[in-house]
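Undergrad: Numbering (my numbering), first residue to last: 86 to 340.
Cβ atoms here follow ideal geometry from the backbone N, Cα and C, with glycine treated the same way.
Provided herewith is a single structure, encoded as structure tokens, for subsequent inquiry.
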């Protein structure tokens, strides 16, 4: 099978788009021509510079040469899938990724978050919501850069969990834990009110700047990914309400 390895500029973008002061660059990776053109048209209307790629190898090549500031990435692609694209791109340069999936499968979503995706949307979706989530992800990058330039001093410790705001690092029992930018922001939000229950809507508003309750499953999936990394016992679920960060007692020393 011959893959479509071309990368297309949208809306008059090209090499000039990578120069300082140019529009924010977004790479859209999707093999369905109708969907990719609809996404590109909406993002152009939002003022973004857009390139598109139709398969895995083309997406990785475009990310390496064009240096997009965000990827909109479909899971099912020719060549290799979106999960592998995400792994390869993130290994070279951290970049926010909005994953698109045709299946409402929680396992797929957790795997996507585990390889570095920041958010996901299940098809079919509205272009309005996609554009809103793109804006949210880019704002988070800006906030992270500002926090890095003037970070809160010191670290927060809850039992054996330590959050270093200055370095955006997390340690559990003295071991470094790699979190995505979204996971780190979610943990910091929970840690700001330890043991207090924060609703899904509160977390959406604080972490994602998103006020539409339809996004609460995004919160649930990120919580599950975070639990896998820091320990399930550290995040308590209050059914029908939300989540709280706990400080479990350390295990007793053996005799």
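Could you pull the DSSP bridge partners for residue 325 from this structure?
TA: Answer by DSSP bridge pairing: none, since residue 325 is not bridged.
Undergrad: In the DSSP assignment, find the alpha helix (DSSP H) that holds residue 305 and state where it starts and stops.
TA: That run of the alpha helix (DSSP H) goes 301-315.
Undergrad: Looking only at C-alpha atoms, which of 259, 265, 222 sits nearest to residue 183?
TA: Checked all of 259, 265, 222; the closest Cα to residue 183 is 222.
Undergrad: In terms of residues, what are the limits of the beta strand (DSSP E) holding residue 240?
TA: Residues 240-243.
Undergrad: Suppose contacts are defined by Cβ-Cβ distances below 8 Å. Is residue 310 in contact with residue 198 by that definition?
TA: Against a cut-off of 8 Å, the Cβ pair of residue 198 and residue 310 comes out as a contact.
Undergrad: Closer than 7 Å by C-beta to residue 202: which residues in its own chain qualify, once you throw out the five before and the five after it? Chain order, please.
TA: Hits under 7 Å: 171, 182, 184.
Undergrad: Among all the DSSP beta bridges, which residues are the ones paired with residue 255?
TA: Beta-bridge pairing links residue 255 to 248, 262.
Undergrad: If we cut at 8 Å on Cβ distances, does residue 166 have a partner in chain B?
TA: Of the chains in the structure shown, none is chain B; there is only one protein chain.
Undergrad: Report the rounded CA-to-CA distance for residue 218 versus residue 242, giving the unit in angstroms.
TA: The alpha-carbon atoms of residue 218 and residue 242 are separated by roughly 31 Å.
Undergrad: Is it buried or exposed for residue 95, if we count other Cβ within 10 angstroms and need 16 for buried?
TA: Bear in mind that the predicted position of residue 95 carries a pLDDT of just 46, short of 50, making it too unreliable to give a figure here.
Undergrad: I need the boundaries of the alpha helix (DSSP H) containing residue 134, first residue and last residue.
TA: From DSSP, residue 134 is part of no alpha helix (DSSP H) but of the beta strand (DSSP E) over 134-138.
Undergrad: Report the rounded CA-to-CA distance for residue 220 versus residue 128, giving the unit in angstroms.
TA: Computed Cα separation, rounded: 10 Å.
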